[in-house]
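Step one of this worksheet: look at the structure below.
Number of protein chains: 2
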Amino acid sequence: MTEKATPSPEAIKAWARLMRVSRQLMESAEEALKAAGLPPLAWYDVLHELAEAGEGGLRPFQLIERTLFAQYNISRLLTRLEADGLVEKLPVADDGRGQTIRIAAKGREIRRQMWAVYGRSIAELVGAKLSADELTMVSALLGRLRHPPAGD
Amino acid sequence: MTEKATPSPEAIKAWARLMRVSRQLMESAEEALKAAGLPPLAWYDVLHELAEAGEGGLRPFQLIERTLFAQYNISRLLTRLEADGLVEKLPVADDGRGQTIRIAAKGREIRRQMWAVYGRSIAELVGAKLSADELTMVSALLGRLRHPPAGD
DNA sequence: TCAAGCTTGATGCAATTGCATCTATCGTCT
DNA sequence: AGACGATAGATGCAATTGCATCAAGCTTGA
Numbered sequence: 001m002t003e004k005a006t007p008s009p010e011a012i013k014a015w016a017r018l019m020r021v022s023r024q025l026m027e028s029a030e031e032a033l034k035a036a037g038l039p040p041l042a043w044y045d046v047l048h049e050l051a052e053a054g055e056g057g058l059r060p061f062q063l064i065e066r067t068l069f070a071q072y073n074i075s076r077l078l079t080r081l082e083a084d085g086l087v088e089k090l091p092v093a094d095d096g097r098g099q100t101i102r103i104a105a106k107g108r109e110i111r112r113q114m115w116a117v118y119g120r121s122i123a124e125l126v127g128a129k130l131s132a133d134e135l136t137m138v139s140a141l142l143g144r145l146r147h148p149p150a151g152d
Numbered sequence: 001m002t003e004k005a006t007p008s009p010e011a012i013k014a015w016a017r018l019m020r021v022s023r024q025l026m027e028s029a030e031e032a033l034k035a036a037g038l039p040p041l042a043w044y045d046v047l048h049e050l051a052e053a054g055e056g057g058l059r060p061f062q063l064i065e066r067t068l069f070a071q072y073n074i075s076r077l078l079t080r081l082e083a084d085g086l087v088e089k090l091p092v093a094d095d096g097r098g099q100t101i102r103i104a105a106k107g108r109e110i111r112r113q114m115w116a117v118y119g120r121s122i123a124e125l126v127g128a129k130l131s132a133d134e135l136t137m138v139s140a141l142l143g144r145l146r147h148p149p150a151g152d
């Protein structure tokens with residue numbers, strides 16, 4: 001496990017699998033959403049975070065931390081979400097620069113509809129392919145690849 | 001492991017980890033290439049396939065099968081690669097529609113330079129985090145998520 | 001208090017992606 | 001041969017992304 005310039009064959013294979021499978025799965029899920037006439041996955045990620053945050057909402061920079069999207073990406077995504085009435089932008093009292101984003105009723109509804117499709121994709125693409133123990137093992141191993149690493 | 005509309009918590013967690021970690025790792029690798037003044041990962045994928053194919057080259061539709069890129073994406077990528085002198089487009093004898101793409105000497109050289117950086121990323125981001133056995137396990141588990149599945 | 005630097009979020013512009021469609025050629029069937 | 005559908009690859013146009021930069025507000029420190 002020492003740092004080397006040239007990766008082991010096992011590392012190369014794991015990397016290749018990871019890249020290929022994740023892309024394939026993501027595209028499948030994306031396709032299912034599109035087929036249902038629903039917005040793309042990125043919207044779900046944001047709506048999910050906002051739904052979990054509740055009425056207090058979140059600041060855009062918090063969304064950036066949680067979703068890993070780029071700043072300009074979030075900025076424009078929020079513009080679209082607001083234009084569609086899925087979120088509200090509220091001024092924040094103690095910081096004139098900032099704003100608080102709160103999910104709107106329509107946003108919760110769209111998120112619900114998206115989850116019906118997205119959740120089904122997850123169940124079919126992942127839940128149906130591996131046992132609970134195997135899924136837990138995948139999570140644990142992938143967790144150690146994060147930065148910072150975590151094994152939970 | 002029956003098909004359900006609502007995925008298990010284990011499936012959701014594994015999915016989330018997979019999406020998040022793969023994106024994070026990809027971005028790290030991409031960033032390393034950019035920092036080295038080298039082209040993006042997509043170029044590597046194509047050059048890699050072409051290098052493996054050897055002098056015979058590959059048809060664009062074969063590249064699509066191997067890399068999972070969209071047709072228009074490959075078409076434009078090849079235009080750029082050719083413009084940079086990394087590949088050659090050759091007419092193919094028995095099919096007037098098609099062409100054969102062959103990697104050029106400069107393409108091999110760029111690929112070599114990219115691998116120096118990319119390989120290091122893989123070694124650091126993956127090879128240094130998990131043992132060989134664990135990496136093999138990751139590959140096997142992810143392999144079962146492919147379509148079609150494979151466990152090798 | 002006010003200048004200098006940092007943080008938050010937006011935006012102009014170029015490059016890329018996605019979608020739909022197009023052209024050209026091929027293969028097949030009559 | 002000729003028509004019809006399928007396949008290979010390119011491309012116009014709209015949407016999105018990435019990069020760099022900007023404007024506005026905050027914080028600190030002399």
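Going line by line, the protein sequences match chains A and B.
Heads up: the first sequence begins at 1 in full-length UniProt numbering, then just goes up one per residue.
Heads up: the second sequence begins at 1 in full-length UniProt numbering, then just goes up one per residue.
Think of the CB as a built atom: it goes at the ideal place given N, C-alpha and C, for glycine as much as any other residue.
The Cβ of residue 110/B sits no closer than 8 Å to any Cβ of chain A. Around residue 60/B, the same chain offers 74 as residues with beta carbons nearer than 6 Å, after the five sequence neighbours per side are excluded. Counting every other CB atom within 10 Å of its CB across the protein chains shown gives residue 130/A a total of 16 or more, marking it as buried.
Between residue 135/A and residue 11/B, the C-beta gap is smaller than 8 Å, which places the two residues in contact.
Here residue 33/B has 117 as same chain residues with Cβ atoms under 6 Å from its own Cβ, once five neighbours each way along the sequence are excluded. Close partners of residue 23/A in chain B (Cβ separation under 7 Å): 68. Taking 8 Å as the upper bound for CB-CB distance, residue 49/B and residue 38/B are not in contact here, some 18 Å apart. Beta bridge pairing from DSSP links residue 101/B with 58/B, 89/B. Interface annotation, residue 52/A: not in contact with chain B, CB-CB separation never under 8 Å. One Cα belongs to residue 101/B, the other to residue 46/B, and the distance between them is close to 10 Å. The alpha-carbon separation between residue 106/B and residue 31/B amounts to approximately 23 Å.
Separation of residue 22/B and residue 18/A (C-alpha to C-alpha, rounded to the nearest whole angstrom) is 6 Å. Your pair residue 138/B and residue 14/A checks out as a contact, with CB atoms roughly 5 Å apart and the cut at 8 Å.
In its own chain, leaving out the 5 sequence neighbours on each side, no residue places its CB closer than 8 Å to the CB of residue 83/A. At the C-beta level, residue 104/A and residue 85/A come within 8 Å of one another. Judged by their CB atoms, residue 24/A and residue 142/B are not nearer to each other than the 8 Å cut-off. With distances taken between CA atoms, residue 125/A lies nearest to 144/B out of 94/B, 144/B, 121/B, 125/B. Using a CB distance cut-off of 8 Å, residue 18/B counts as an interface residue toward chain A. Excluding sequence positions up to five before and after residue 77/A, its CB lies within less than 8 Å of the CB of 42, 43, 46, 69, all in the same chain and listed in chain order. The closest CA to that of residue 65/A, considering only 108/B, 97/B, 20/B, 80/B, is found on 20/B.
For the pair residue 27/B and residue 127/B, the Cα-to-Cα distance works out to about 17 Å. The C-alpha of residue 120/B lies about 37 Å from the C-alpha of residue 120/A. By the neighbour-count definition (other C-beta atoms within 10 Å, threshold 16), residue 123/A is a buried residue. At the C-beta level, residue 90/A and residue 57/A come within 8 Å of one another. Residue-level contact check: residue 126/B touches chain A, since one or more beta carbons of chain A fall below 8 Å from its beta carbon. Annotation: the continuous alpha helix (DSSP H) that includes residue 50/B extends over 41 to 53. A straight line joining the alpha-carbon of residue 110/A with that of residue 29/B spans about 34 Å.
With at least 16 other beta carbons inside 10 angstroms of its own, residue 87/B counts as buried.
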